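For the sequence shown, the tail end lands on 816 under the numbering used here, and the numbers increase by one without skipping. No residue lacks a Cβ here, since even glycine has one placed at the ideal position from N, Cα and C. On a predicted model such as this, the values are computed, not experimentally measured, just so you know.
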Amino acid sequence: MTVKNQKVTEMIATRSYYPDNNKVISKLMTMRNAIGKELKTYNDLINEMYKLTYSYTDLNLLYDYYNHSYVTDDTNTYGAKAEKGKPLGGGFGYTDKPSPKKVPYTVYNDDDFYEALKMAKSGDVIYVFGEIVIDLSDWIVPGDLIDFMNPDADHSRIPLFFTVPEGVTLKGIRGENGEGAVLKTTSYVNTMLTLKAGSRLSGLVIQGADNANYINSPSGNLSLGIAVAGDNVMIDNCEISGFYRSGITIMDSKNVTVASNYIHHILGADTGMAFFINNSSVTINNNVFSKVNRLISASGNDTEITFTNNIDAGNLVSEYFLLNQTATYDNDFTKARLGIKSLICKNNTLLSPVRVLNIRGLPLSATIENNVFGYADFCYAPSLLTINSVDASVFNSRFVMKNNVYDVENPYVASKSSSGSATPSDTTLGAYSVKENVTLSAFGVEAVTLPEVTYATILQPLVISGSYHTDYDDYPYLIPDAIISTFSSLGDKKLSDTSLNYLTNMIRDMGQYCDYLDYYDKLSVEIDGKVYGAYKVDDNPFGGGYGYNNIIHYDQKTAITLTENGKSVYIVTSKEYLIAASKVAKAGDIIYVPEGVVIDMANIETNTVDTIKLEKGVTLASDRGYLHADGTFSTGGMIKNTKTYQGTIITLVDDCHVTGMIIEGPDPARHLRLWDRAFKGKTDGRGSQPGHKYSYNAYPSSGIAIRG
């Protein structure tokens, strides 16, 4: 399905974005160049801003169905229906907030946060102020300072886990006067927050360090966001994203509630779970999901899941529910392994064309009822009947799938029954499905199509990059909404230079270009035949990328060794291949990392980082800047290091050549809070500050060492 309504804004409160920066910056550069040409009026610009916003929010079908998420007949409501004061995904209009009693702790920075969690007792509320952004990695990575100032103490790193104590509420104001404060990590952490029994996390943005470049990392290197370690925990009205292993992990906990959250970009290739649930009872309702690999992975005999009134954006990757097996065999279907205790899935709007149920163990009970599924019934065949000894009688009482709506564009109601056909003549139905005699109205989605603009000139980013980091957090992404709200009343009036400034600011902040955007075409001046300032050599662009004269490119995308002019070309697609190639490559040989390949040199589980040393005359290459036939450019292959590590990952000797590569480290932030904690007031580190010994626990990292 494709989005029909191209003109919707401010649907869900968000502060976390995961764009294709090159595409967005290219569009902005092109639009800026088109002011007064293809873009003449404010309406022209506003329409393009709607499209631009769509491209980096990843809300997909929510633009159509967030406000049209359910249908009714005479007796039933099907799909997710927002309750008063509890909007789907929380945010604007959410009223079920922590009580406004006296707040003993107000947090403005990471030191305040650290102290508040240490001091808070059951019943206390910790308020993270306004819309501030706090990077917790400046504590988590170097570790705790407990007893560090004692000269006789062990000064090795002390692991620090931010834990919300029993009965304590940690809150922000997401949806009140803004999008809420951000708690984030810019460096890899295993677990960001742990919630103890009776604690509550409400109204905050929880943002991990993982991005699209992490999707090929080893599963052990993928962090999790929130760990629930106690009964009666509540997580509500939060935005949770950027954790590639799992957003929320719930272990051996009862009566856990996860409500009215926006959970997105949890995308680990073989994990990527919004929830991992083991031997726990959990109620999950009124949430919005987008760009999640797997919604729920559940295991354990005692696990009970109630999943109601949730909606997804139609872009889940793998499946909704993975129900794992236990060691116990079922009493009714004796060759089948038992699974979790119960699953109730009611009144959800599930828009992705992925498997609903991957069943490895048969639940004691399951009810899938009154949901809306975006596509036809046959798209959602559960793996239930592939389990040993399970037959269609399971649908009669043990595993109820009834009164669900399928195909939002041509809706109908169907149920599973043992009396249904294994191969129904109605091609819209799956095995054992029967259509109910119910008439439904359409979902009422309004089609709003914006005019297409054909640009005479498509501009590319000033520097092609596959590794973007910004100090401005979400600020650049708010500019399109500002343009829409500021200029919507001007309609067909001629664009002014003010609009140009908006686009320039967004380009500068997203690309981290600073003043380069203003001076890139006037970096040098010639006086009396002498050039002052930077100038291009052999017409190669500043910063390399597209237009570079000596790009090395091979079409091969899988690991193989080629021979070229008597020399070897090692195409490597994994760390193992890279290390092996570095050990055998000789002068004149090329080690080539194809575009899109991400090689992580770290192994968090073993706490090690592998390194390579190139022999004399070896070239390590990718094709950054290579022009594809469709007009797009390669950003090159990547060698990265997830783990903070005091050392380099690549060593070069005489005549080595590295070209067209992305080399990415584990800590892109400036870590000024860590510097202040270690040195402020005593620059030599003596006295009241812990100094170099503590700061080095964060393992200041390096990329390439040149030894020749």
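What number of angstroms, rounded off, separates the C-alpha of residue i from the C-alpha of residue j?
i	j	result
Thr594	Ile587	10 Å
Ala642	Gly653	17 Å
Arg140	Ser134	10 Å
Arg123	Ile343	18 Å
Thr293	Val521	45 Å
Gly197	Val297	26 Å
Met257	Tyr802	10 Å
Tyr171	Ala377	26 Å
Thr531	Asn184	28 Å
Ser450	Ser331	28 Å
Tyr186	Leu548	10 Å
Pro559	Pro584	25 Å
Ser527	Phe507	14 Å
Arg815	Thr681	26 Å
Phe415	Ile452	6 Å
Pro127	Gln797	40 Å
Met534	Ser541	Residue identity check: residue 534 is Asp in the sequence provided, not Met. Roughly 10 Å separates the two Cα atoms.
Gly144	Gln568	19 Å
Asn129	Pro259	48 Å
Thr791	Gly799	Bear in mind that the predicted position of Thr791 carries a pLDDT of just 46, short of 50, making it unreliable; the figure below should be weighed with that in mind. If I take the Cα positions, the gap works out to 8 Å.
Asp718	Asp708	9 Å
Ser295	Ile356	19 Å
Lys304	Ala335	9 Å
Asn785	Thr436	Looking at the sequence provided, one finds Arg at residue 785 rather than Asn. About 53 Å.
Tyr178	Asn386	31 Å
Ile687	Ala729	14 Å
Closer than 6 Å by C-beta to residue i: which residues in its own chain qualify, once you throw out the five before and the five after it? Chain order, please.
i	result
Ala489	Gly538
Tyr685	Ala667
Lys115	Tyr158, Val556
Leu760	Leu722, Ile814
Ala689	Tyr678, Val680, Ile699
Ser817	For residue 817 there is no data in the structure shown, the boundaries of the chain being 109 and 816.
Asp438	Ala444, Leu446, Leu470
With a CB to CB cut of under 8 Å and the five nearest residues on each side skipped, what residues in its chain are close to residue i?
i	result
Val132	Leu160, Ser163, Tyr164, Met618
Ser809	Asn749, Thr752, Tyr753, Gln754, Gly755, Gly773, Pro774, Asp775
Ile591	Leu153, Ile154, Met157, Ser607, Tyr610
Ala693	Ser676, Tyr678, Ile699, Leu722, Glu723, Val726
Lys148	Lys602, Leu603
Assign residue i to one of two classes, buried (16 or more other C-beta atoms within 10 Å of its C-beta) or exposed (fewer than that).
i	result
Glu287	buried
Cys622	exposed
Ile668	exposed
Ser597	exposed
Met227	exposed
Tyr235	buried
Val639	exposed
Tyr627	exposed
Arg308	buried
Gln664	exposed
Leu780	exposed
Trp247	buried
Lys205	buried
Ile635	exposed
Ser554	In the sequence as displayed, the identity of residue 554 is Glu instead of Ser. Exposed, since its Cβ has fewer than 16 Cβ neighbours within 10 Å.
Arg778	exposed
Within the same chain, show all residues whose beta-carbon is closer than 7 Å to that of residue i, passing over the 5 residues directly before and after it, in chain order.
i	result
Leu611	Leu136, Met139, Arg140
Asn423	Asp166, Asn168, Ser398, Lys399, Ser460
Ile240	Tyr216, Ala289
Gly275	Ser230, Gly231, Gly306, Ser307
Met509	Ile476, Phe503, Ser523, Lys524
Ile266	Gly251, Asp252, Ile254
Met614	Leu136, Pro584, Ile587
Ile511	Ile is not the amino acid found at residue 511; the sequence shown has Asn there. Contacts found: Asn184, Glu477, Asn478, Val521, Ser523, Glu544.
Are three or more beta carbon pairs between the stretch 719-735 and the stretch 656-663 nearer than 8 Å? yes
State whether the stretch 476-496 contacts the stretch 510-519, with contact taken as three or more CB pairs (one from each stretch) at a distance under 8 Å. yes
How do the stretch 416-432 and the stretch 465-472 stand: do at least 3 beta-carbon pairs fall below 8 Å, yes or no? yes
Entirely enclosed alpha helix (DSSP H) segments - the stretch 109-185, minimum 4 residues: Segments of the alpha helix (DSSP H) lying fully in the stretch 109-185: 129-142, 150-165, 170-173.
Residue ranges of each alpha helix (DSSP H) run of no fewer than 4 residues wholly in the stretch 613-697, ordered along the chain? 624-627, 683-692
What are the uninterrupted segments assigned as beta strand (DSSP E) that are 3 or more residues long and contained completely in the stretch 361-427, given in chain order? 364-367, 370-374, 381-386, 389-393, 396-400, 402-407, 412-416
Just to confirm the assignment: which complete beta strand (DSSP E) runs, minimum length 3, are found wholly within the stretch 723-787? 727-729, 746-748, 758-760, 765-767, 770-772
Across the stretch 307-317 and the stretch 336-352, are there enough close Cβ pairs to call them in contact, namely three or more that are closer than 8 Å? yes
Can you give, in chain order, each stretch of the beta strand (DSSP E) that sits fully within the stretch 501-584 and has at least 3 residues? 507-510, 512-514, 520-524, 541-543
Can you give, in chain order, each stretch of the beta strand (DSSP E) that sits fully within the stretch 260-291 and has at least 3 residues? 277-279
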